[in-house]
Amino acid sequence: MPGDKSISHRSLMLGALAIGETRVTGLLEGEDVLATAEAMRQMGASIVREDDGTYRVNGVGVGGLLQPKAALDMGNSGTSTRLLMGLLASHGIIAAFTGDASLSGRPMNRVIEPLSQMGAQFTPSPGGTLPLMMDGCEPAVPMIYRLPVASAQVKSAVLLAALNTPGITKVIEPVPTRDHSERMLKGFGAEITVEEADGERHIAVSGPCDLTPCNIEVPGDPSSAAFFIVAALLVPGSDLVIENVGLNPTRAGLITILRQMGGSIEELNAREVGGEPVADLRVRHSQLAGIAVDPAIAPAMIDEFPVLFVAAAFANGTTTTTGLEELRVKESDRLTAMADALRLAGAQVEEHDDGLEIAGSGGEPLHGTSDAPVTTHLDHRIAMSMAIAGLASSGGVEVDSTDPIATSFPNFMDLLSGASA
Ligand code: S3P
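Taking the numbering used here, the leading residue of the sequence shown gets 293, the next gets one more, and so forth.
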């Protein structure tokens, strides 16, 4: 599997803030991560790719980011945008953030609000979106922030702002989200503590702090593995080993749910890579059964719902999902996009405000009802999910564009052709 997208972004950002050389192996070379690399270069970091794919990052030190001379083009990447808004908010620089049509429709007020409390000033487009201008504040003001929405990006934005903020900045997380920022900040020597109190996570960073360079081995991305896991479960006769899958518990919700549905997923060769649990997964074709998915698991599989909806379309019985309002503000509105796409492919889907209800085919191939291609709305995960649906459909599925896949999984098509050989 290609490197984890979340960890790849953070490796470059933290490496760019450390003084000295950080070496990163297994970095995801998707467009989103390359957008982060380019932005860090624009602010003074040196990021060099060696012939073997290792990246050498020489940072500028916390507080040492330079004023970028041009707008920071974030492409399709919400993670680059929101984390960098945090990182820059406590530096005395002015930056413009731009992005593609999908990113320019996504809400930024969720980061503008806490970062404004810390002293940064923002001029977003109407509706709180990109393009926006940010005027950072140095020294910024520390604060205690309780996350109003379960979002690792918002949490990380505040924690990254805290690095160059004098005093203790604390984020309180009522619902745990992916914890790569916390793990990696520790690895880079930041003063960070994580405590549980009354069922909530309290994460405190004491700034300003220096970061020490690291050697990072990026584990494989469970969100990319998800497409192959579901493909193997759905296609009769499959027996697939997927190597190098990150299994951080804050990311592994899809595997839990697919096992509850009756999926045969075995963990082999469990090990640790870059401070994260990793295993190879052996996945065999299984007849899945529909379930009611517990909404509490959503943050641990937030990017995997599109492909879970595909799995549900082939299950015995009905799968219901609730509590998924956040899916409407991803790279596309993933509830509407997947309901439309699956219906076009011949599945029975009801869309509700906060989730989908899908009546499965009982393992029978889907038959599309129209020749029109599925609309992917510049969303890589819609394109890949529907490619997997196509594998288990009698006439295949046509998607309008495979271009968005390059944002997170550039060799997806090659791997998929290889796996189905
Ligand atoms: C990410 C957090 C999640 C996820 C995104 C990556 C991260 O977003 O959907 O793909 O790396 O922190 P939210 O924080 O908006 O849930």
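All residues carry an ideal CB built from backbone N, CA and C; glycine is no exception.
In the structure shown, what three-state DSSP assignment does residue i receive?
| i | result |
| --- | --- |
| Ala453 | helix |
| Thr373 | helix |
| Arg402 | helix |
| Thr613 | strand |
| Thr328 | helix |
| Lys622 | coil |
| Lys447 | helix |
| Val467 | coil |
| Ile311 | coil |
| Arg493 | strand |
| Phe480 | coil |
| Ala675 | helix |
| Glu564 | strand |
| Met553 | coil |
| Gly367 | coil |
Whose C-alpha, out of the options, is nearest the C-alpha of residue i?
| i | options | result |
| --- | --- | --- |
| Gly322 | Gly710, Phe704, Leu708, Ser709 | Phe704 |
| Gly355 | Leu309, Ser298, Ala393 | Leu309 |
| Ile299 | Ala603, Gly397, Asp632, Arg470 | Arg470 |
| Ala571 | Asn536, Asp595, Ser578 | Asn536 |
| Ile547 | Val565, Glu483, Ser303, Ala590 | Ala590 |
| Ala604 | Ser578, Ile508, Glu623, Phe701 | Ser578 |
| Asp324 | Ala363, Met410, Gly391 | Gly391 |
| Pro505 | Val349, Ile680, Thr699, Leu708 | Val349 |
| Leu306 | Gly318, Val467, Gly481 | Gly481 |
| Ala454 | Ser303, Met410, Glu492, Pro416 | Met410 |
| Val340 | Gly295, Arg374, Leu304, Asp365 | Leu304 |
| Arg302 | Leu320, Met293, Gly312, Ile311 | Leu320 |
Beta-carbon separation of residue i and residue j under 8 angstroms?
| i | j | result |
| --- | --- | --- |
| Met678 | Ile697 | no |
| Ile464 | Arg438 | yes |
| Ala257 | Leu380 | Absent from the structure is residue 257, since the part of the chain shown begins at 293 and ends at 713. |
| Ser394 | Ala327 | no |
| Gly660 | Leu616 | no |
| Pro511 | Glu559 | no |
| Gly428 | Ala412 | yes |
| Pro399 | Gly378 | no |
| Val585 | Thr610 | no |
| Val446 | Val486 | no |
| Val599 | Val522 | yes |
| Ser624 | Asp671 | yes |
| Met630 | Ile674 | yes |
Expressed to the nearest angstrom, what Euclidean distance is found between the alpha-carbon atoms of residue i and residue j?
| i | j | result |
| --- | --- | --- |
| Glu690 | Gly682 | 8 angstroms |
| Ile534 | Leu580 | 20 angstroms |
| Ser382 | Ala449 | 11 angstroms |
| His494 | Phe519 | 33 angstroms |
| Asn507 | Met593 | 28 angstroms |
| Arg543 | Pro514 | 7 angstroms |
| Ile311 | Tyr347 | 16 angstroms |
| Pro406 | Gly555 | 41 angstroms |
- Item | the stretch 498–505 touching the stretch 519–531, judged by at least three CB pairs closer than 8 angstroms | No, the stretch 498–505 does not touch the stretch 519–531.
- Item | Segment contact flag, the stretch 470–481 with the stretch 416–434, C-beta cutoff 8 angstroms, min 3 pairs | Contact between the stretch 470–481 and the stretch 416–434 is absent, because fewer than three Cβ pairs lie under 8 angstroms.
- Query: Within the chosen definition, does the stretch 638–654 reach the stretch 550–565 through at least 3 CB pairs nearer than 8 angstroms?
  - Reply: Judged by Cβ distances under 8 angstroms, the stretch 638–654 makes no contact with the stretch 550–565, as fewer than three pairs qualify.
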